[in-house]
Amino acid sequence: AQSVAQPEDQVNVAEGNPLTVKCTYSVSGNPYLFWYVQYPNRGLQFLLKYITGDNLVKGSYGFEAEFNKSQTSFHLKKPSALVSDSALYFCAVRGASGTYKYIFGTGTRLKVLA
Amino acid sequence: DAGVIQSPRHEVTEMGQEVTLRCKPISGHNSLFWYRQTMMRGLELLIYFNNNVPIDDSGMPEDRFSAKMPNASFSTLKIQPSEPRDSAVYFCASTPREGHTEAFFGQGTRLTVV
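Taken in order, these protein sequences are the chains called A and B. Plus 110 on top of the position in the first sequence (first one is 1) and you've got this note's numbering. Plus 1044 on top of the position in the second sequence (first one is 1) and you've got this note's numbering.
What follows is the structure, encoded as structure tokens:
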């Protein structure tokens, strides 16, 4: 069965510092991995995805994520955090073979402190 | 394209009443998903459709919940009778059938059952 774990409910980081939001996954076969962001009272917005190829994926708003197959991880990163990055972040996995369900993690609230 | 459109944005209803949530997916998308978001349980997949056919409804909490997709451009999620514990934000998402594409989310319907 597919599953995603986001071990941190909340991450606090000072503005200008690098940030990391952690995600590990479990899926049969090769995974499709996604990061989404949710601002208050809004739907989920797509940030980036890993399908195949380069393990470092770049996405919107300066975010990037590193796929690590041996550690089954897909951590979200940004070199310099902004206060406006404060939001709820979700990692999701979709199996590459047959199943079309997107399974989401429980979310990590990022707070960037000025 | 206007994106995934959900209606209503907010719904307040009394316990025992029937509630119908509506979703219009992005034109050309073949898969549609209904999710429920609560503080306690995070983002839960309720049901998803491929080509208007329900594929997996294992996330539907109980028989009070039902979902239909009569055509490629419309889906409903119905709760009858509603209970206070159904209070949540309900999201609809759509995606092309190909597995490597991201899901596009609507703005959600905030349901409050009093």
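Ideal Cβ placement from N, Cα and C applies to all residues, glycine included.
Checklist line | Any C-beta of chain B under 9 Å from that of residue 175 of chain A | finding: no
Check: With contact counted as at least three CB pairs below 8 Å, one residue from each stretch, are the segment 1109 to 1118 of chain B and the segment 1080 to 1100 of chain B in contact?
Finding: yes
Margin query: Please return the same chain residues whose Cβ sits closer than 8 Å to the Cβ of residue 1125 of chain B, not counting the five positions on each side in sequence.
Written below: 1059, 1060, 1061, 1062 and 1108
Next item on the list: Would you kindly work out how many angstroms separate the C-alpha atoms of residue 157 of chain A and residue 1120 of chain B, rounded to a whole number?
Entry: 27 Å
Check: Shortest alpha-carbon distance to residue 1057 of chain B belongs to which of B:1134, B:1128 and B:1140?
Finding: B:1128
Next item on the list: Report yes if the C-beta distance between residue 1064 of chain B and residue 1133 of chain B is below 9 Å; otherwise report no.
Entry: no
Check: Who are the Cβ neighbours of residue 116 of chain A in its own chain at under 6 Å, not counting the five residues just before and after it?
Finding: 133, 201, 215, 216 and 218
Check: How far does the beta strand (DSSP E) with residue 205 of chain A in it reach, from first residue to last?
Finding: 197 to 205
Next item on the list: Kindly indicate if chain A contains any beta-carbon less than 9 Å away from that of residue 1094 of chain B.
Entry: yes
Note to self: Let me make sure I understand the geometry here. Which of B:1131, B:1068, B:1046 and B:1116 has the alpha-carbon closest to that of residue 1097 of chain B?
What the structure shows: B:1116
Next item on the list: Jot down the residue ranges of each uninterrupted beta strand (DSSP E) in the segment 116 to 145 of chain A, minimum 3 residues, whole runs only, in chain order.
Entry: 120 to 124, 129 to 131 and 134 to 136
Margin query: Please report the distance separating the alpha-carbon of residue 1141 of chain B from that of residue 161 of chain A.
Written below: 15 Å
Note to self: Tell me which residue opens and which closes the beta strand (DSSP E) that residue 1113 of chain B is part of.
What the structure shows: 1109 to 1115
Next item on the list: Closer than 9 Å by beta-carbon distance: list the chain A residues that pair up with residue 1151 of chain B, in chain order.
Entry: 151, 152 and 153
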